[in-house]
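Encoded as structure tokens, the structure appears first; notes follow it.
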Amino acid sequence: MLANFFIGLREGLEAALIVGILVAYVIKIGQPQRTKTILSGVAAAVVASVAVALALNYAVETVPAGTSEIIAGTSSALAVVFVTWMIFWMKSQSKALGASLRGQIDSSLSKSSFALFAIAFTAVIREGVETAVFLWSASQATNAGDNPVLGAVLGLGVATVAGYLLFKGALKINISKFFNYTGAFLILVSAGILAYAVKEFEEVLTLPLQQITYDVSNILPKKSPIESVLHGMIGFNAKPTYLQTLVWLAYMIPVTYLFAKKTKVKA
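Using this note's numbering, the first residue of the sequence shown is number 17, and each one after it goes up by one.
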């Protein structure tokens, strides 16, 4: 639940900032009536994102045994790719994002209202689909029943309120530090999801390095308080295989290094 709360909070705030930039600009240029078009595009993107999550869940539950593991593993691996790309993209493009969106609005004003609708839709759908797939993958990796859904809803709700308060100027937060901290956490979550993807593939494919790397299940038994917290936050596995461990390290070490390097340079 906690992992999905932070995922919903970060991704929701990213989307809220994008919507805030769009709405603030049309108001600034004296065309507040365009706000409805922007919000319509946002609503359509949200519906499409939910549809993607439902379709993915339906596909996994209805396909024959063996196929569901392949779908779950592939979707989880793709979710990690999307989120990792977005973490670094936000760090490199955050300063130019506002100017880029405002430029797109200026270009759309000479066209139909659908052009502005498309800008809002495409700006949010990227965040929405990424969030939907990543939340679904995190839910599968942590195997926490309905709690991930509750965590995601709470995170998105807090992000919506925070985005509105930021837009109104009633809330001041260091956006750069917020994305740095949450980005580091999402890297840790992504590593766990990638290891989970390997576990799904191991269920149906003959893969190498299937021996157990270590076993701390006696120290942290399944469903114990600490194990439940670690598993719910980062997909902790008390008995990973060598392949799962190697994939976890192969992702975690270079991505953390690059993220820390870019954060240090930016600071």
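Even for Gly, the Cβ is constructed at its ideal location relative to N, Cα and C.
What you are looking at is a predicted structure, and each value in this text was computed from that prediction instead of being measured.
Distance, Cα to Cα, residue i vs residue j?
i	j	result
residue 283	residue 199	At residue 283 the pLDDT is 48, less than 50, meaning the model places this residue with poor confidence; the figure from the coordinates comes in the next sentence. Distance between the alpha carbons of residue 283 and residue 199 is about 15 Å.
residue 67	residue 28	17 Å
residue 115	residue 252	41 Å
residue 98	residue 23	13 Å
residue 178	residue 150	22 Å
residue 284	residue 94	Coverage of the chain is limited to positions 17 through 283, which leaves residue 284 absent and any answer about it impossible.
residue 266	residue 124	44 Å
residue 338	residue 58	Because the chain in this structure spans residues 17 to 283, residue 338 falls outside the shown range and cannot be described.
residue 47	residue 279	38 Å
residue 106	residue 25	15 Å
residue 245	residue 233	14 Å
residue 273	residue 212	22 Å
residue 271	residue 261	15 Å
residue 196	residue 202	10 Å
residue 174	residue 250	21 Å
residue 70	residue 268	29 Å
residue 259	residue 102	26 Å
In the DSSP assignment, what residue or residues form a beta bridge with residue i?
i	result
residue 257	228
Which residues bound the alpha helix (DSSP H) around residue i?
i	result
residue 200	191 to 220
Classify residue i as helix, strand or coil using the three-state DSSP reduction.
i	result
residue 81	coil
residue 121	helix
residue 49	helix
residue 188	coil
residue 238	coil
residue 251	coil
residue 233	coil
residue 223	coil
residue 26	helix
residue 283	Note that residue 283 has pLDDT 48, beneath the 50 cutoff, so the model's placement of it is unreliable and the number below is only indicative. Three-state DSSP puts residue 283 in coil, outside helix and strand.
Which whole-angstrom value is the C-beta distance of residue i and residue j, which I expect to be below 8 Å?
i	j	result
residue 87	residue 220	Wrong, their Cβ atoms sit about 11 Å apart, outside the cutoff.
residue 155	residue 20	7 Å
residue 60	residue 137	5 Å
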